[in-house]
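>
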Amino acid sequence: KGGVGKTTTCINLAACVAAKGKRVLAVDIDPQGNMTSGLGVRLGRQQPTTYEVLINERPAEKAVVRSSVRGLSLLPADIRLAGAELELAELPQREHTLRQALAPVADAYDFVLIDCPPSLTLLTLNALTASHSVLIPIQCEYYALEGVGALMNTISLVKRNLNPALEIEGVALTMLDARTNLGLQVVAEVKKHFMGKVYATIVPRNVRLSEAPSHGQPIHIYDSRSAGSEAYEALAAEFIKRNEEKL
Numbered sequence: 189k190g191g192v193g194k195t196t197t198c199i200n201l202a203a204c205v206a207a208k209g210k211r212v213l214a215v216d217i218d219p220q221g222n223m224t225s226g227l228g229v230r231l232g233r234q235q236p237t238t239y240e241v242l243i244n245e246r247p248a249e250k251a252v253v254r255s256s257v258r259g260l261s262l263l264p265a266d267i268r269l270a271g272a273e274l275e276l277a278e279l280p281q282r283e284h285t286l287r288q289a290l291a292p293v294a295d296a297y298d299f300v301l302i303d304c305p306p307s308l309t310l311l312t313l314n315a316l317t318a319s320h321s322v323l324i325p326i327q328c329e330y331y332a333l334e335g336v337g338a339l340m341n342t343i344s345l346v347k348r349n350l351n352p353a354l355e356i357e358g359v360a361l362t363m364l365d366a367r368t369n370l371g372l373q374v375v376a377e378v379k380k381h382f383m384g385k386v387y388a389t390i391v392p393r394n395v396r397l398s399e400a401p402s403h404g405q406p407i408h409i410y411d412s413r414s415a416g417s418e419a420y421e422a423l424a425a426e427f428i429k430r431n432e433e434k435l
C-alpha cells in the first residue's frame with residue numbers, strides 16, 4: 189500500500205541500524221527512486237543502478253554506492269527501473285533475478301534492506317523471493333489493514349512456490365497521532381491481528397520526518413532530537429535485538 193511509510197522506514201531503519209555499528213546495504217527497487225534521493229544520492233549519467241543489475245548488464249558490486257551514513261551502502265534506483273518489468277517478464281526464473289544478483293555481495297553486510305514499490309508487481313515479487321523476511325509498515329489510520337490481506341496472500345504464495353524460508357519479520361506501526369482515539373484503536377486492532385509480531389516502538393506523525401528526505405538526510409542526522417529520530421533509533425535497537433536473538 190502507498191503512503192504507509194515504507195520508504196521512510198527503510199531509509200531511517202537502515203541508517204539507524206548502520207549508525208549502531210552494523211554493515212547495511214539498502215536496495216532501492218522502486219522506480220520512483222525515493223530512497224535513493226532520500227539518502228542524498230545524486231546519480232550521474234554513467235552510474236549503474238538496480239535496473240542494470242536486474243537486466244544483467246552490471247554486477248551488483250559495481251552499482252553499490254556509499255551513503256553519507258557510515259556503514260550504510262546503497263544500490264540506487266531511478267525511473268529507468270520501470271522498464272525492467274517488461275524485460276524481466278520474458279526471462280526464465282524471472283522472480284529469482286534479484287536474489288541471484290545480490291548473492292555475490294550479501295555476505296559483506298549484516299543486513300540488506302529492500303525498499304519495494306507500492307504495488308505487488310514483478311519487482312516486489314523479486315524482493316520477496318530474495319528476502320529472508322518481510323517488515324510490514326502499517327499506518328495508524330482508518331484503513332490501516334486495507335491491502336494487508338492481499339499482501340499476506342502474496343507472501344503465502346511466495347512461500348509455497350518461490351521462497352519457502354520467507355517469514356514475517358515484524359509489523360511497524362507508523363504515523364500515529366496519539367491525540368486521537370482512532371489511532372490508539374488501530375494500534376490495538378493491529379496487535380490483535382499480528383499477535384507477537386508488532387514492534388513495541390510506534391513511529392509518530394512528525395513534521396521533521398517529512399522534511400528530512402528533501403534534504404537528502406535520514407532523520408537522525410537531519411534532527412537527532414526530533415520525535416521521529418527517537419522513534420527510529422528505538423525501532424533500530426529493537427530490530428537488532430530481535431535478529432540477534434534469532435542467531
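Its first residue numbered 189, the sequence shown is counted upward by one per residue in the numbering used here. Backbone N, C-alpha and C fix where the C-beta goes; we use that ideal spot for every residue, glycine too.
1. Given 8 angstroms as the limit, is there contact between the region 337-344 and the region 380-396, that is, 3 or more CB pairs closer than that?
2. Thinking C-alpha only, which one of S307, V386, H403, P352 is nearest R430?
3. Is it true that the region 272-287 meets the region 249-263, where meeting means three or more beta-carbon pairs spaced less than 8 angstroms apart?
4. I believe Y239 touches R268 by the beta-carbon criterion, under 8 angstroms. Please report the beta-carbon distance rounded to the nearest angstrom.
5. Could you tell me which whole beta strand (DSSP E) segments of length 3 or greater appear in the region 220-271?
6. With three or more C-beta pairs closer than 8 angstroms as the rule, is the region 358-365 touching the region 388-402?
7. Please name the residue, chosen from T317, L323, P305, T309, that lies closest to A277 on a Cα-to-Cα basis.
8. Is DSSP giving G335 helix, strand or coil here?
9. At the level of alpha carbons, what is the spacing between K194 and D303?
10. From M306 to P219, what does the alpha carbon distance come to, in whole angstroms?
11. Based on DSSP bridge pairs, tell me the residues matched to D216.
12. Locate the beta strand (DSSP E) running through Y297, then write down its first and last residues.
So, from the listed chains and residues:
1. As far as the Cβ criterion goes, the region 337-344 does not touch the region 380-396, which means the pair count is below three.
2. Taking only the C-alpha atoms, the option nearest R430 is V386.
3. no
4. 4 angstroms
5. 260-263
6. yes
7. T309
8. coil
9. 7 angstroms
10. Reading off the sequence, residue 306 comes out as Pro, not Met. Whole-angstrom Cα-Cα distance: 10 angstroms.
11. DSSP, once it has assigned bridges, lists D303 as partnering D216.
12. Taken as a continuous stretch (DSSP letters only), Y297 belongs to no beta strand (DSSP E), as it is neither H nor E.
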